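What follows is one structure encoded as structure tokens, with my remarks underneath.
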Amino acid sequence: MALKLTERGIHEAENPIEVSFREAFERLKPQLNPPFTLKVLTKEEYSNLNKALIFAILSQPNLAEVHIKHLHAIIIDGYDFFTCMLVKIVDELYAKLLDSVKIQLIWVTKEMLNVLAIGFDKLLVALLRQIVGGDFSEGNLWLCLEMVALFLANWDCLLEEEPLILNKGLYVFLRLLADHYRVPSNPMIDGLKRMEIVFCVRLLREQFLLCLKIGRDLIRLLQDVVHIPEFKAIWKDLLLNPRKLGVDGFKDISQIYHTKTPSSYFLLRVTPEMETKLRFLLTHVKLGSQKRYQVWFAKKFLGVPGSEVILTDIVRFICCSVHPSSEIMQPDILPRWAVIGWLLTSCRKNYVESNLKLALFYDWLFYDETTDNVMNIEPALLLMVNSIPNYIEVTRTLLEFLLIVVDNYDIERKEIVSKGVSTALSTLVKRGIVSSLDVLTRCDLIAPVHREMFGKLVLVMQGIHSKKIGSASIIHDMSPPPSHLLSSSLGSQHPNRLKLHSSDESFKEKFKIKVIGSFSGARYKVKIHFGLEALLHTSFLLSPLNLLACMSDILNPPADLGLHNLSHEIKVFFEVSTSSVHINLLHRLSMHAFLAAQKCETKRFGQKITFIAFSGSEILLLLRSL
110 MALKLTERGI
120 HEAENPIEVS
130 FREAFERLKP
140 QLNPPFTLKV
150 LTKEEYSNLN
160 KALIFAILSQ
170 PNLAEVHIKH
180 LHAIIIDGYD
190 FFTCMLVKIV
200 DELYAKLLDS
210 VKIQLIWVTK
220 EMLNVLAIGF
230 DKLLVALLRQ
240 IVGGDFSEGN
250 LWLCLEMVAL
260 FLANWDCLLE
270 EEPLILNKGL
280 YVFLRLLADH
290 YRVPSNPMID
300 GLKRMEIVFC
310 VRLLREQFLL
320 CLKIGRDLIR
330 LLQDVVHIPE
340 FKAIWKDLLL
350 NPRKLGVDGF
360 KDISQIYHTK
370 TPSSYFLLRV
380 TPEMETKLRF
390 LLTHVKLGSQ
400 KRYQVWFAKK
410 FLGVPGSEVI
420 LTDIVRFICC
430 SVHPSSEIMQ
440 PDILPRWAVI
450 GWLLTSCRKN
460 YVESNLKLAL
470 FYDWLFYDET
480 TDNVMNIEPA
490 LLLMVNSIPN
500 YIEVTRTLLE
510 FLLIVVDNYD
520 IERKEIVSKG
530 VSTALSTLVK
540 RGIVSSLDVL
550 TRCDLIAPVH
560 REMFGKLVLV
570 MQGIHSKKIG
580 SASIIHDMSP
590 PPSHLLSSSL
600 GSQHPNRLKL
610 HSSDESFKEK
620 FKIKVIGSFS
630 GARYKVKIHF
640 GLEALLHTSF
650 LLSPLNLLAC
660 MSDILNPPAD
670 LGLHNLSHEI
680 KVFFEVSTSS
690 VHINLLHRLS
700 MHAFLAAQKC
710 ETKRFGQKIT
720 FIAFSGSEIL
730 LLLRSL
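Written out as structure tokens, the structure reads:
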């Protein structure tokens, strides 16, 4: 039976890459058995012998040790050509490779790492890109497991020779870990999660200076795993005790906000095949003719249950890595904003939609005209503007999300976020992306409250960039909350130290908080009803920076309840409407509190608490999706 590397369909043509490797193997087969003939090779002979040995190593596992010794004997270029050919195979053939060939590919990769072959880092990156987001099949999980094991086993070597490859591993495994925690428990996924946690936590604890090179997207990824106890501890140190991370000069999380993530990181979460198809879509397909291409793309990459989690990665890739030239940016070519709009409407789960929106606006939050690229922020504004009037719901939901994020993403550093968004808007107008922002501030199809809030944001933009006055005072006056929501109404109580079981009945009345206790057998149930005012107050705003601290107070029942010998549970009811604004608010709460609360143990009793949210059907759907 003829040796082969890939599995192909009956009517599928042979891949020319595999053909060239097999032909070299067949032609040089007599020379591949010992004793080897060692002679000075021409450039062509050297290339063909490398190809023949690659084919032999991948297709003949029982003789792989013999072939690798032959390779070591004839190498004259530091394995440069050999690793380049392996990268080519991974990039273009991996999905079709036989399982036995994939096993050999990992084996030869370890061999290249052992000899510090030129380009071994590119080979590792190529393999990392083949771990498909949202694919929880055994084969994909196996590759992930092999790669994280390889990184852990070669820690010292990688740290000394190519430390940035550890960074890229951190970016990949943090992103994957968030998805793996949503998969039902089984021995393989549990073992993989443990190894991912060990790798990521070790790098963050021991080499945080190296981790900082990832830039602001490191924070975005950490927020999705903050419910995991090991990362919760790191998150607290990041916020409350940054010096514990051991980096001289690192004093505040805002320093990470101001560091743009290099575009190479966004390539890590899309496969080469997906990248090729997306670039084709954005450079060759005419606007209005994209339907069949989108259907094909969705069937190819988004058809498997769970695969939509990769939409967030695709949006970050399009915004930050796909920057069409002026020749390509013609009116008849499908623009980036249109593709992102299609991806947004493809979301079936609320948490995926919220993550996609955050990925779209993330660079807005910390935009600096001197270091950031306007192309990263262009798609979001054009999507909002061009969706009027035919797709007005897209404009509404994006504008709502932006306004919520400006106020709530990081309350303690709101000035930074507000300044970043206002700078982004100013730059977009100044660069001519849009002639003015009136299309949003004067659109009757947008809710008046949102037009007013956005108008105030525009005024801030004009104040900062036209009058050149201090940003702090402007931000403070940008969007004053209603008088009954002012922080002064809470007296001296700090938002992170709220006690829902406080005896201050006027406080509960102001924010429509009801705490109802009842005994049911040996269980004491506490139902806490939050009114809309409470959710909108800064004390309950869904900032990942102070949410956990707030939750710890919610989860500590009053000492005078006499629960020493009783198990207990807390159920939280959110009495709010199910508009997209509140969906987004509740999403952030769900992501950063519910999962953590499910694992929370009270300090007083050491007993676990059940933490459940109830509301309209959309909220229930959201929680089930988590």
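Quick note, in our numbering, the sequence shown goes up one by one and the last residue is 735.
Think of the CB as a built atom: it goes at the ideal place given N, C-alpha and C, for glycine as much as any other residue.
Just so you know, these numbers come straight off a predicted model, no measurement behind them.
Leu-252 sits in a helix when the DSSP states are folded into three classes. Considering only Phe-308, Thr-115, Glu-417 and Leu-348, the residue with the shortest C-alpha distance to Asp-361 is Leu-348.
Rounded to whole angstroms, the gap between the alpha carbons of Pro-338 and Ser-373 is 30 Å. In this chain, the alpha helix (DSSP H) harbouring Asn-276 covers 272–289.
In the DSSP annotation of this structure, the continuous segment of the alpha helix (DSSP H) that includes Gln-332 starts and ends at 326–332.
When DSSP states are grouped into helix, strand and coil, Ile-240 belongs to the coil group.
Comparing alpha carbon positions, the residue from Pro-143, Pro-170 and Leu-137 closest to Glu-154 is Leu-137. With fewer than 16 other Cβ atoms from the protein chains shown falling within 10 Å of its own Cβ, Gln-439 counts as exposed. Checking the DSSP bridge columns, you'll see Ile-442 partnered with Lys-395. Leu-319 sits close to Pro-272, with the two beta carbons spaced by under 7 Å. For Thr-480, the secondary structure class from DSSP, reduced to helix, strand or coil, is coil. Counting C-beta pairs closer than 8 Å gives fewer than three between the segment 399–412 and the segment 363–370, which falls short of the contact rule. With fewer than 16 neighbouring CB atoms inside 10 Å of its own CB, Gln-140 falls in the exposed class. Judged by DSSP secondary structure, Cys-309 falls within the alpha helix (DSSP H) whose first and last residues are 296–315. Here Leu-114 carries a coil assignment [DSSP, helix/strand/coil]. The beta carbon of Phe-563 sits closer than 7 Å to the beta carbons of Leu-508, Leu-512, Leu-549 and Thr-550 from its chain, once the five residues preceding and following it are set aside; these are given in chain order. In its chain, beyond the 5 residues on either side, Lys-197, Ile-198, Glu-201 and Leu-202 have a beta carbon closer than 8 Å to the beta carbon of Ile-126.
For the 7 Å CB-CB criterion, Val-413 and Tyr-402 do not form a contact. With three or more CB-CB distances shorter than 8 Å, the segment 315–332 counts as touching the segment 465–474. Beta-bridge partners of Leu-206 (DSSP): Thr-115. At the C-beta level, Ser-545 and Val-569 stay beyond 7 Å of one another. In this structure, the straight-line span from the alpha carbon of Phe-359 to that of Asn-350 is close to 10 Å. A distance below 8 Å between beta-carbons, with the five flanking residues on each side excluded, links Val-431 to the following residues of its chain, in chain order: Leu-387, Arg-388, Leu-391 and Arg-445. The Cβ atoms of Gly-243 and Ser-416 lie closer than 7 Å to each other.
Note on Lys-400: under 16 other CB atoms within 10 angstroms of its CB, so exposed under the neighbour-count rule.
Taken in chain order, the whole beta strand (DSSP E) runs of length 3 or more contained in the segment 360–407 number zero.
Annotation: Cys-552 to Cys-428 spans about 26 Å, alpha carbon to alpha carbon. For His-432, no alpha helix (DSSP H) encloses it, and the DSSP letter there is neither H nor E. In this structure Thr-536 is buried. Its beta-carbon is surrounded by 16 or more other beta-carbon atoms within 10 angstroms. Inter-residue distance for Glu-462 and Arg-352 is about 35 Å (C-alpha atoms, whole angstroms).
Around the Cβ of Thr-151, a 10 Å sphere holds fewer than 16 other Cβ atoms; the residue is exposed. In the displayed model, Gln-169 falls within coil according to three-state DSSP, outside both helix and strand. By the C-beta density criterion, Ala-468 is buried, having at least 16 other C-beta atoms within 10 angstroms. Contact annotation: Ala-287 and Asp-346 have beta-carbon atoms that are not nearer than 7 Å. Rounded to the nearest whole angstrom, the CA to CA distance from Arg-378 to Val-149 is 42 Å. Residue state for Val-292 is assigned as coil, using DSSP reduced to three classes.
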